[in-house]
Amino acid sequence: REISGDLRVLAALLEVPISKSTSAPELVTAIQQKTEALLSQMPAGYLEPLVPEGSLPADLLDSLKKVDVALKDEYKMRREMLIQRALVTMQSFMWSKRAKEWERQLSAVIQRVGTELSVDPTVSMDTIFTATRRDLITALHKTSSGASNTFNASIKTVIIPHVPDRGGRPDELRAPTADMPSFKKREGPAYDAANPGGGR
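Quick note: the sequence shown uses UniProt numbering, first residue 1, plus one each step.
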């Protein structure tokens with residue numbers, strides 16, 4: 001059988017060599033053997049849950065539920081704001097002359113994006129009972145600083161072109177022009193006659 005792309009990716013990840021004569025069943029066997037060999041080198045309990053379900057007391061579980069609700073409410077509010085800002089930004093492109101020619105297509109894209117983005121968090125508190133030591137190591141690695149913390153992301157491939165400097169720095173503010181006179185209290189006979197009380 002022909003080797004699928006997924007098998008090739010898995011073989012490359014596990015550094016399993018593939019030759020022209022390698023069949024799909026042979027590759028699956030080699031991947032399984034390499035996986036079992038790697039797992040045997042892992043510490044005991046590496047893939048077992050850190051907090052098994054039913055191991056927490058009722059009062060602690062109740063406190064975790066309250067924290068979960070609070071975090072979800074805040075996360076939902078943040079997602080609503082970000083989604084709304086994204087939609088407004090996309091709609092602003094409709095103001096250009098070129099967009100008028102594609103108004104129907106762009107409106108359809110904006111509407112589809114708005115319906116696909118969900119404000120409700122997809123994280124469940126039940127994941128606490130399925131988290132393993134591997135998950136903890138990954139989380140610590142991503143949230144820690146250091147030169148080795150490099151993760152691939154599609155957003156990193158976006159290159160922002162040169163943009164004009166719009167200024168606005170406090171030390172670059174222009175001094176008042178000479179055409180604008182400074183404030184000076186009015187005085188003189190005409191002003192004193194019109195204001196006998198001295199402005200009080």
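Note that beta-carbon positions come from the ideal geometry of N, C-alpha and C, so glycine has one too.
Given a threshold of 16 other Cβ atoms within 10 Å of its Cβ, counted over all protein chains shown, does Leu27 qualify as buried or as exposed?
-> buried
Could you tell me whether the region 77 to 94 touches the region 106 to 120, using the rule of 3 or more Cβ pairs below 8 Å?
-> yes
Go ahead and label Ala11 buried or exposed: buried means 16 or more other beta carbons lie within 10 angstroms of its beta carbon, across all protein chains shown.
-> Here Ala11 is buried: its Cβ has 16 or more other Cβ atoms, across all protein chains shown, within 10 Å.
Closest Cα partner of Pro121 within the set His162, Pro164 and Glu74 | Selected option, being the one with the closest Cα: Glu74.
Measure the alpha-carbon distance for Thr22 versus Thr35 and round it to whole angstroms.
-> If you take the alpha carbons of Thr22 and Thr35, they lie about 18 Å apart.
Look up Pro49 in the DSSP assignment and say whether it is helix, strand or coil.
-> In this structure, Pro49 counts as strand in the three-state DSSP scheme.
Limits of the alpha helix (DSSP H) - the one that Ala70 falls within | Counting along the chain, Ala70 sits inside the alpha helix (DSSP H) bounded by residues Ala58 to Ser92.
Pull up the distance between the alpha-carbon of Leu13 and that of Lys156, whole angstroms please.
-> 22 Å
Simplified DSSP state of Thr35, which is helix, strand or coil = helix
Rounded C-beta distance between Pro49 and Thr132? I'm assuming under 8 Å.
-> Going by Cβ atoms, the distance from Pro49 to Thr132 rounds to 6 Å, so yes, they are a contact pair.
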